[in-house]
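Here's the structure we're looking at; comments come further down.
Protein chains: 2
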Amino acid sequence: MEVRRDVFQAIADPTRRAILTMLTLQALTPGAIAANFNSSRQTISKHIQILAECELLRHHYSGREIYYQLNPVKMKEIADFIEPFKALWDTRLNQLDEILKQLKNK
Amino acid sequence: MEVRRDVFQAIADPTRRAILTMLTLQALTPGAIAANFNSSRQTISKHIQILAECELLRHHYSGREIYYQLNPVKMKEIADFIEPFKALWDTRLNQLDEILKQLKNK
DNA sequence: TATATTTGCAGTCAAATAGCTGCATATATG
DNA sequence: CATATATGCAGCTATTTGACTGCAAATATA
Chain A
2 MEVRRDVFQA IADPTRRAIL TMLTLQALTP GAIAANFNSS RQTISKHIQI LAECELLRHH
62 YSGREIYYQL NPVKMKEIAD FIEPFKALWD TRLNQLDEIL KQLKNK
Chain B
2 MEVRRDVFQA IADPTRRAIL TMLTLQALTP GAIAANFNSS RQTISKHIQI LAECELLRHH
62 YSGREIYYQL NPVKMKEIAD FIEPFKALWD TRLNQLDEIL KQLKNK
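Residue numbers (the numbering used here), protein chains in the order written: chain A, 2 to 107; chain B, 2 to 107.
If you want it as structure tokens, here you go:
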């Protein structure tokens with residue numbers, strides 16, 4: 002479980018996507034995050050580690066607690082990959098708009 | 002290799018991302034796609050199947066050749082996931098802008 | 001100080017992944 | 001019709017994944 006570790010691999014897992022979404026609202030401790038899942042605390046902790054390793058999460062200590070928070074900028078790597086495709090589907094939608102307009106004019 | 006099969010899992014593999022990018026320009030046959038990689042034709046073909054299964058690719062026949070083309074709209078699922086995070090990193094960038102403006106004014 | 005809580009790390013295991021080869025099928029081409 | 005080309009499918013294998021449990025360390029709390 003030690004080789005590929007990038008943003009794309011990180012968001013491939015639905016549990017990890019849920020964790021990311023959960024952290025859009027506020028920073029949380031591993032315990033608090035794990036409380037929302039059926040999996041064991043250690044399993045969730047491992048997911049958190051993976052997210053942290055590829056810098057999707059940052060953390061800061063507060064006594065024995067560790068608060069994990071989003072690093073949303075890192076998500077930009079995914080947005081950058083999507084961007085060129087976005088242009089393509091926009092084009093298709095625009096073409097559809099054109100067709101609809103022409104139909105209306107008839 | 003038969004269970005999870007969604008867009009996020011599909012783009013987790015770098016080879017599959019390369020295939021998708023390759024197909025932004027034009028529809029291609031499996032043979033033509035495979036020619037761009039070091040992996041075997043069958044291996045690339047399997048990646049194509051995976052992309053097709055989750056509807057990221059469509060295909061049409063031309064004699065014995067099969068042309069695969071992008072279905073960019075399907076990529077929107079990823080964009081939709083990214084969207085809320087985009088707001089967050091935009092906020093941070095905007096805040097940075099504010100700070101820079103204030104520094105300039107001093 | 002003794003005990004409880006929060007967390008990370010190491011180890012195990014079944015299932016999934018991604019690569020390979022071999023073979024069958026369908027369509028061009030000579 | 002015989003051969004070459006394009007493709008998909010089945011089966012094998014090493015590696016990776018994601019789940020689990022157990023344990024150690026650090027910090028609160030009684």
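For each residue, glycine too, the CB sits at the ideal point set by N, CA and C.
Predicted, not measured: the structure shown is a model, and the values here were computed from it.
- Interface positions of the stretch 65–87 of chain A facing chain B (Cβ-Cβ less than 8 angstroms), listed along the chain: Legend: CB atoms of the stretch 65–87 of chain A lying less than 8 angstroms from CB atoms of chain B belong to residues L71, P73, V74, M76, K77, I79, A80, F82, I83, P85, F86 and K87.
- Query: If we ignore side chains and look at the alpha-carbon of each, how far apart do Y62 of chain B and Q70 of chain B end up?
  - Reply: 11 angstroms
- Considering only residues of the same chain and omitting the five flanking positions on each side of D7 of chain B, which have a CB-CB separation below 7 angstroms? C55
- Message: List, in chain order, every chain A residue whose beta-carbon is nearer than 7 angstroms to that of A13 of chain B.
- Response: F9, Q10 and A13
- Residue range of the alpha helix (DSSP H) that L21 of chain B falls in? P15 to M23
- Message: At a CB distance below 9 angstroms, what residues from the stretch 17–28 of chain A approach chain B? Give them in sequence order.
- Response: R18, L21, T22 and T25
- So what does DSSP say about S46 of chain B, is it helix, strand or coil? helix
- Message: I'd like to check one pair, I20 of chain A with I34 of chain A: are the Cβ atoms closer than 8 angstroms?
- Response: Contact: yes.
- Task: Measure the C-alpha to C-alpha separation of E78 of chain B and R59 of chain B and round it to an integer number of angstroms.
- Result: Computed Cα separation, rounded: 17 angstroms.
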